[in-house]
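Since the structure comes first, as structure tokens, the remarks are kept for the end.
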Amino acid sequence: MSKQKILIVDDEYSIRQLLKTILNNKFILEEARDGKETLEKIEHFCPDLVLLDLILPDIYGFDLCEKIKSLPSCEDTQIIIVTAFMEENKIEVGFEIGATDYIKKPFSAVELLARINSVLKLRSYIVKHKKIEEELRREKEKAELLTKTKSEFLANMSHEIRTPMNAIIGMSKLLLETNLDSEQKEYSESICFSSEILLQIINDILDFSKIESGKLSIHIENCDIEKLIYDAIDFVSFSAHKKNLEIEFFIDESLPTINCDTGRIRQILLNLLSNAIKFTDKGQISIHLTKEEETKKNIKLLFEIRDTGIGISEKNIEKLFSIFTQLDSTATKKFGGTGLGLVISKKLVEIMGGEIGVTSDINKGSSFWFKINFEKSAQKKLEEKTYNFTNLKILLISNNQITFQILQLYLKNTKCKILISNNKEEYFTIIEKEKIDIVIIDFKVNEDEGWHVGREINLRQNVNSVKLILLTPKGLIENEAKMKLLNWFNGYIPKPIRKDKLYEILDKTRKINIDLPPITKILHKEKIVKEIKDISKMNQNNIIKILIAEDNEINQKLIGTILKKLNVDFDIVDDGEQVIELARKKNYDLIFMDIQMPKMNGYDATKNLRDAQNNTPIIGVSANAYDDDIKKGILSGMNDYITKPYNKDSIIKTINKWLKKYC
């Protein structure tokens, strides 16, 4: 180890010599007589320690101390004040301006060496600590740069991957609307389904990357949690219906509106629901939402997703939320997936201050749960319309006890009577003897389909005056709607049963004798047709002109095809500069603005238009809609945001939403 360097500063020759005698052979020494010489020698000597006399001919010791400490090269240099006399208040001043210690003259060699060694040890520790801090800072900067580079790479790669994937999904959906034979339809559905799975895998990887890099933000807003859960059920209903699975939903009706990140809660629910559907071949899935704790300002909610699937062994439950852990390679091959969904859900729940877990029995099913403490919203729930069904007698024909429990729960305060049966002879007897007013028929009863049961009731002369309502899965698709031309149903209720829909249909059905709209209203297509008519009505009053900013040729063709089918007048450009140029020349009713475009991106193009006082509604379009992206879009002047792939539903809803004033 090299010797440390000490600079002796004193105007008395005898003191300098004494100090040199004591310190000789232990340190590298240099001496100075006054302030000027001290500063000159420091430049090339760079001492580790300065022994500084207070009384010097050209400068006061404290002033010199301050000058030394101000030099960049002396940032770590330690200073011991050596003086014959110093008042206590002066000692404090010395420490404030940078002195490390002080020693009074006359001093003993033992004390002097002890103080010097102590101060130099402190200096060594400080220098070492600073080096570590500097290394950590450099490593942190490297890690941040690496994370930034990785994020930018993933963002660019995701854009490159998702752009063609979105085009495949969009075109597949357009293809499914054309006249296809059964084989062509099957192939097209497979293309669409596989593309959506691949897109979800890409989204999972990107979400995981954002969480790992700490870039994920939480966006709190007012939320009707009941509606949010129904929206999540709608999203997975088609997958559930394809496997003949029912989804039921139980909710504590006393729950208030809350403040939460609706997008992230929906994401967790979709992950858990998708898993439940994937690993369940028969039976049903139920969602339960209850409160665990409640204070004046907060409420802790417990979400449970229960299934009747294959279950998970106790030893595997611990691995379930681990990164890149597959419980069973055979199951992975059978069911597919990356396993990231549960990991992401766990991270999201923890970011929101909650906890997540699972209970399970092999071959019986699993119950995934998570609980989060939410702030109550100042915005109150809308008051529900009250109904009185006094003397109304209802029969449910179903094998499903949960459906019966839900009906009982929802109707308990309406003063009606509700019975259940699944035996053919029994339910005919009940209808006749109990003088049933309304029969609610499940979509499946034993081995029969609900529409078949309705037909039999309609054909029996002694009971055919009863009114019939059909329960239908939310994911019912067109070619399965055998009840399409049937007129004996007075209405339908989609499952999972919503209380407001149940009340509405029951009220209409008991009040009128004429048929309600036919069952075909369950088909999503008819809703779209109505919305297309709304757009046509707008066109009659004022021709709609839409500007599309989209740089991808396939996506241009996709949205162009959709708008042609809607008979909308539109222009398409492929960069932000062209948007600005065309928007100056023509008046548009709506602009769909892609975010990532060459020359000028969507954010900058929007800001330019707003700066030019152009108030046309602008809809941001992106392959992803993270909260940060949406916030950035709104700040740039966008009115709304939709995600790719372009699809007829979202485009129609967006046009209707923003152009209603032209009707």
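In this text, residue positions in the sequence shown follow this note's numbering: the first is 636, and each later residue adds one. Just so you know, even glycine gets a beta-carbon here, dropped at the ideal spot from N, CA and C.
Asked                                                                                                                                                     : Found
From 1289, 1292, 1280, 1290, pick the residue whose C-alpha is nearest to that of residue 827; which is it?                                               : 1280
From this set, 1193, 1203, 798, 1185, which residue's C-alpha is nearest residue 1240's C-alpha?                                                          : 1185
When burial is assigned at 16 or more other CB atoms within 10 Å of the CB, is residue 745 buried or exposed?                                             : exposed
Determine, using beta-carbon pairs with one atom in the region 901–909 and one in the region 868–878, whether at least three such pairs fall under 8 Å.   : yes
Would you call the region 641–653 and the region 681–689 touching, i.e. three or more CB-CB distances under 8 Å?                                          : yes
Taking Cβ positions, are residue 1254 and residue 1289 nearer each other than 8 Å?                                                                        : yes
Quick one: is residue 1088 buried, meaning 16 or more other Cβ sit within 10 Å of its Cβ, or exposed?                                                     : buried
Check for me: the beta strand (DSSP E) holding residue 1272 runs from which residue to which?                                                             : Residue 1272 -> no beta strand (DSSP E), and no H or E assigned at all.
Using the DSSP secondary-structure output, state which residues sit across from residue 924 in a beta bridge.                                             : 886, 938
Can you check the region 1031–1103 for any beta strand (DSSP E) of at least 3 residues that lies completely inside it and give the ranges in chain order? : 1052–1056, 1073–1076
Would you kindly report the start and end of the unbroken alpha helix (DSSP H) that includes residue 1209?                                                : No alpha helix (DSSP H) contains residue 1209, which DSSP labels as neither H nor E.
Please return the same chain residues whose Cβ sits closer than 6 Å to the Cβ of residue 701, not counting the five positions on each side in sequence.   : 732
With a threshold of 8 Å between beta carbons, is residue 658 in contact with chain D?                                                                     : No chain D is present in this structure, which holds just one protein chain.
Nearest CA to the CA of residue 926: which residue from 952, 983, 1005?                                                                                   : 1005
What are the boundary residues of the beta strand (DSSP E) that residue 895 is part of?                                                                   : 893–895
Within 8 Å, do at least three Cβ pairs link the region 916–924 to the region 938–951?                                                                     : yes
Quick check: what's the CA-CA separation for residue 1096 versus residue 1035?                                                                            : 28 Å
Nearest-angstrom Cα distance between residue 901 and residue 869?                                                                                         : 12 Å
Could you tell me the alpha carbon to alpha carbon distance between residue 671 and residue 728, rounded to whole angstroms?                              : 22 Å
With three or more beta-carbon pairs closer than 8 Å as the criterion, would you say the region 797–806 touches the region 751–762?                       : no
Could you check the C-alpha separation between residue 1142 and residue 853 for me, to the nearest Å?                                                     : 41 Å
Report yes if the CB atom of residue 1249 is closer than 8 Å to the CB atom of residue 1218, and no otherwise.                                            : yes
Check whether the Cβ atoms of residue 1135 and residue 1102 lie closer than 8 Å to each other.                                                            : no
By how many angstroms is the C-alpha of residue 1245 removed from the C-alpha of residue 878?                                                             : 49 Å
What does the alpha-carbon distance come out to for the pair residue 1055 and residue 1192?                                                               : 53 Å
Nearest-angstrom Cα distance between residue 1033 and residue 1013?                                                                                       : 41 Å
If we ignore side chains and look at the alpha-carbon of each, how far apart do residue 720 and residue 695 end up?                                       : 14 Å
Would you call the CB atoms of residue 809 and residue 1196 closer than 8 Å?                                                                              : yes
Which of helix, strand or coil does DSSP assign to residue 946?                                                                                           : coil
Going by DSSP, name the residue or residues bridged to residue 1257.                                                                                      : 1278
List, from N- to C-terminal side, the beta strand (DSSP E) runs of 3 residues or more that fit wholly inside the region 643–682.                          : 663–667
Please state whether the Cβ-Cβ distance between residue 1025 and residue 1031 is less than 8 Å.                                                           : no
Can you tell me which of 660, 697, 654, 704 puts its alpha carbon nearest to the alpha carbon of residue 678?                                             : 704
Can you tell me whether DSSP reads residue 1292 as helix, strand or coil?                                                                                 : helix
Between which residues of its own chain and residue 947 is the CB-CB distance below 8 Å, once the five residues before and five after are set aside?      : 955, 962, 993, 995, 997, 1001
Give me whichever residues DSSP pairs with residue 1240 in a beta bridge.                                                                                 : DSSP lists no partner for residue 1240.
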